[in-house]
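The listed protein sequences correspond, in order, to chains L and W.
Here the first sequence stands for residues 29 to 299, where the numbers follow the working numbering.
Here the second sequence stands for residues 29 to 299, where the numbers follow the working numbering.
All C-beta atoms, glycine included, are put in the ideal place defined by N, C-alpha and C.
Below is one structure, written out as structure tokens, with a few remarks after it.
2 protein chains.
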Amino acid sequence: MSHSFDQALQLAWQGEDLFTGLTHPAWANMVGPYGGISAACALQAVIQHPLSLGEPVALTINYAAGLADGPYQLKARPARTNRSTQHWVLEWLQNIDGQAQVMMTATALTAVRRGTWRAQDLPLPEVPPPEAVPPVLMVGQVDWVNRYEMRVLRGHLPEPMDGREQDSLMQMWLRDAEHRPVDLPALAAMTDVFYPRVWLRRAHRVPAGTVSLTIYFHAGGQELAEQGQEPLLAQARSHDFRHGFFDQTSQLWSRRGLLLATAHQIVYYKE
Amino acid sequence: MSHSFDQALQLAWQGEDLFTGLTHPAWANMVGPYGGISAACALQAVIQHPLSLGEPVALTINYAAGLADGPYQLKARPARTNRSTQHWVLEWLQNIDGQAQVMMTATALTAVRRGTWRAQDLPLPEVPPPEAVPPVLMVGQVDWVNRYEMRVLRGHLPEPMDGREQDSLMQMWLRDAEHRPVDLPALAAMTDVFYPRVWLRRAHRVPAGTVSLTIYFHAGGQELAEQGQEPLLAQARSHDFRHGFFDQTSQLWSRRGLLLATAHQIVYYKE
Numbered sequence: 029m030s031h032s033f034d035q036a037l038q039l040a041w042q043g044e045d046l047f048t049g050l051t052h053p054a055w056a057n058m059v060g061p062y063g064g065i066s067a068a069c070a071l072q073a074v075i076q077h078p079l080s081l082g083e084p085v086a087l088t089i090n091y092a093a094g095l096a097d098g099p100y101q102l103k104a105r106p107a108r109t110n111r112s113t114q115h116w117v118l119e120w121l122q123n124i125d126g127q128a129q130v131m132m133t134a135t136a137l138t139a140v141r142r143g144t145w146r147a148q149d150l151p152l153p154e155v156p157p158p159e160a161v162p163p164v165l166m167v168g169q170v171d172w173v174n175r176y177e178m179r180v181l182r183g184h185l186p187e188p189m190d191g192r193e194q195d196s197l198m199q200m201w202l203r204d205a206e207h208r209p210v211d212l213p214a215l216a217a218m219t220d221v222f223y224p225r226v227w228l229r230r231a232h233r234v235p236a237g238t239v240s241l242t243i244y245f246h247a248g249g250q251e252l253a254e255q256g257q258e259p260l261l262a263q264a265r266s267h268d269f270r271h272g273f274f275d276q277t278s279q280l281w282s283r284r285g286l287l288l289a290t291a292h293q294i295v296y297y298k299e
Numbered sequence: 029m030s031h032s033f034d035q036a037l038q039l040a041w042q043g044e045d046l047f048t049g050l051t052h053p054a055w056a057n058m059v060g061p062y063g064g065i066s067a068a069c070a071l072q073a074v075i076q077h078p079l080s081l082g083e084p085v086a087l088t089i090n091y092a093a094g095l096a097d098g099p100y101q102l103k104a105r106p107a108r109t110n111r112s113t114q115h116w117v118l119e120w121l122q123n124i125d126g127q128a129q130v131m132m133t134a135t136a137l138t139a140v141r142r143g144t145w146r147a148q149d150l151p152l153p154e155v156p157p158p159e160a161v162p163p164v165l166m167v168g169q170v171d172w173v174n175r176y177e178m179r180v181l182r183g184h185l186p187e188p189m190d191g192r193e194q195d196s197l198m199q200m201w202l203r204d205a206e207h208r209p210v211d212l213p214a215l216a217a218m219t220d221v222f223y224p225r226v227w228l229r230r231a232h233r234v235p236a237g238t239v240s241l242t243i244y245f246h247a248g249g250q251e252l253a254e255q256g257q258e259p260l261l262a263q264a265r266s267h268d269f270r271h272g273f274f275d276q277t278s279q280l281w282s283r284r285g286l287l288l289a290t291a292h293q294i295v296y297y298k299e
């Protein structure tokens, strides 16, 4: 278990719905860990919990505060278990200035999924193959961005940041930098990979951070395993920027065109 | 306070983060209340709580079980309060067979919103005005549908249900049947107004029900008040139907073209 992703996802079961974990420097963001790694930890707790039923279908995580570097508690409680679905409530706690503080909250849905009629109405966009696009070099950025190989097709960080208004659409081929195969926690982490859409839309850098992220898992663990280490196509755009918050909708497809996950977030921004 | 919406939103504060409420027959669905009225009650609890800060920005509600007709407890706890944002955790409880059971869970984000740069990249679709479209008559349906005036532009319930595959897109002008002005709880309720997309996409009726709903409020209370009693344009579509779950994305615009709310849900279906 040498990959930093698996290290960051190490949770120790303490009984009574409680896990303990440790922030990992390789996944550090400006303040606290990368949002995607916290989403992955939420899934990991749900998957590892002794009462866990089925596979993740939906996750909503709320970034109430940036975790401080160091140990944290993660409570994961199955609030209700039905015949084939299970509803989870999660809460991250840290001792700050001698007080237990809530740092993040989440809810999750797991289910025993069954074969049904199926249809995918959001096809893989027509884009050049990953081999035709060079990976972006990210020097001097926050740590976590180096955990990914990003081959940007559209929506590069504007250079110069000259205030010209732009479309907010970004498309890239995305892969773990060390080619770790994608499982459900890794897929969750990847949905938060896009830099703030407001920077692209405005070609202007302002303080911004995700406050709430909702992920729907269309693929199950078996389908993901079949994708192996191939890059995924990651796409994101925003629809509305107003009164300090904007939305973001994103999709992740396998190289072969299977829609793996869709995600939505609401992001705080200043000015 | 004669409107059934306001009656259904009557919550009695019991102290210690606890409200009590009562299901309302006018908002009944097949099993338990209409999902939208529960979303509205969640917002109402957050707004009425004595520690409430700012206005709703995001809400995720998880329909773990259908509420039984009658009284329920609604716990609404401000898990973390920052300078201008607040994170809420909610839980509905009912005594079933002598046991307290969790029926639904939710998280919410409220914020003191400030003026910032703004842009709306999702314009009102070009559609005929509401006056040009007759309202749909809904006889013999579940109760709650009669609370709305729906002028369907596209995506009528297929007739006959002959299994022809269809697009899942629906558009309608939507208004409270008694013309109650739209406030934030009413807006929340309206995001769940669409019949299951799988019925439209397949032209085939199968058991289906929303399991998790996430709403982003782009408009604030003041902007909503300015819309008055005008109909809203409501649009919804799905992207993926697989292994017993499909997604749904919806938008609500004011008649004048302001994007008021976007919402996403994951819906269980059979067969």
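> Using 8 Å as the limit for Cβ to Cβ distance, is Trp227(W) near chain L?
Replying inline: no
>> Considering only the alpha carbon of each residue, which of Ser112(L), Gln72(L), Tyr176(L), Trp55(L) lies closest to Gly94(L)?
In response: Trp55(L)
>> On the DSSP letters alone, give me the boundaries of the alpha helix (DSSP H) that Gly43(W) sits inside.
In response: It is not in any alpha helix (DSSP H) - Gly43(W) instead sits in the beta strand (DSSP E) that spans 40–43.
> What residues from the segment 187–209 of chain W come within 7 Å of chain L, judged by C-beta to C-beta, listed N to C?
Replying inline: Ser196
>> Using 8 Å as the threshold, is the C-beta distance between Leu121(W) and Cys69(W) below it?
In response: no
> Name the DSSP beta bridge partners of Asp171(W), please?
Replying inline: Answer by DSSP bridge pairing: none, since Asp171(W) is not bridged.
> List, in order along the chain, the chain W residues whose C-beta lies closer than 8 Å to that of Leu137(L)?
Replying inline: Asn90, Val239, Ser240, Ile294
> Whole alpha helix (DSSP H) runs in the segment 163–243 of chain L with 4 or more residues, listed along the chain?
Replying inline: 212–218, 225–230
> Once you ignore the five residues that flank Gln148(W) on each side, which residues in its own chain have a CB closer than 6 Å to its CB?
Replying inline: Leu287
>> Starting from Gln257(L), trace the beta strand (DSSP E) in both directions and tell me its first and last residue.
In response: First-last for Gln257(L): undefined, no H or E at that position.
>> So for Leu71(W), helix, strand or coil by DSSP?
In response: helix
> On the three-state DSSP scale, how would you describe Glu83(L)?
Replying inline: strand
> First and last residue of the alpha helix (DSSP H) that includes Ala160(L)?
Replying inline: Element bounds for Ala160(L): n/a, residue is neither H nor E.
>> Give me the residue from Arg141(L), Pro84(L), Gln255(L), Ile124(L) with the minimum Cα distance to Lys298(W).
In response: Arg141(L)
> How would you label Asn57(W), buried or exposed, when you count the other beta carbons within 10 angstroms and need 16 or more for buried?
Replying inline: buried
> Roughly how many whole angstroms lie between the Cα atoms of Ser66(W) and Ala217(W)?
Replying inline: 8 Å
> Can a CB atom of chain L be found closer than 8 Å to the CB of Leu212(W)?
Replying inline: no
> Name the chain W residues that come within less than 9 Å of Thr219(L), Cβ to Cβ?
Replying inline: Neighbours of Thr219(L) on chain W: none; closest Cβ ~13 Å, over 9 Å.
>> Does Leu71(W) pass the burial test, meaning 16 or more other C-beta atoms within 10 Å, or should it be called exposed?
In response: buried
> Can a CB atom of chain W be found closer than 8 Å to the CB of His330(L)?
Replying inline: No information on residue 330(L) is available, as it lies outside the stretch 29 to 299 that chain L covers here.
> So what does Pro99(W) bridge to, in DSSP terms?
Replying inline: Leu50(W)
>> Only counting the same chain, and skipping five residues up and downstream in sequence, which positions put a Cβ closer than 7 Å to that of Ala92(L)?
In response: Val130, Met131, Met132, Thr133
>> Output needed for His31(L): all residues of its chain with C-beta closer than 7 Å, excluding positions within five of it in sequence on either side, in chain order.
In response: Glu206, Arg208
> Excluding the five sequence neighbours on either side, which residues of its own chain have a C-beta within less than 8 Å of the C-beta of Pro84(W), listed in chain order?
Replying inline: Leu71, Val74, Ile75, Ala136, Leu137, Thr138, Leu212, Ala216, Phe245
>> Determine whether the beta carbon atoms of Arg179(L) and Asp204(L) lie at a separation below 8 Å.
In response: no
> Are Asn90(W) and His115(L) closer than 8 Å when you measure CB to CB?
Replying inline: yes
>> For a test of the three-state rule: what should DSSP assign to Glu119(L), helix, strand or coil?
In response: strand
> Do Glu193(W) and Arg229(W) have their C-beta atoms closer together than 8 Å?
Replying inline: yes
>> Per DSSP, what are the beta-bridge partners of Val295(L) in this structure?
In response: Thr238(L), Phe274(L)
> Within 10 angstroms of its Cβ, does Met198(W) collect 16 or more other Cβ (buried), or is it exposed?
Replying inline: buried
> Does any CB atom of chain L fall closer than 8 Å to the CB of Thr48(W)?
Replying inline: no
>> Using only the alpha-carbon positions, how far apart do Asp190(L) and Gly183(L) sit?
In response: 15 Å
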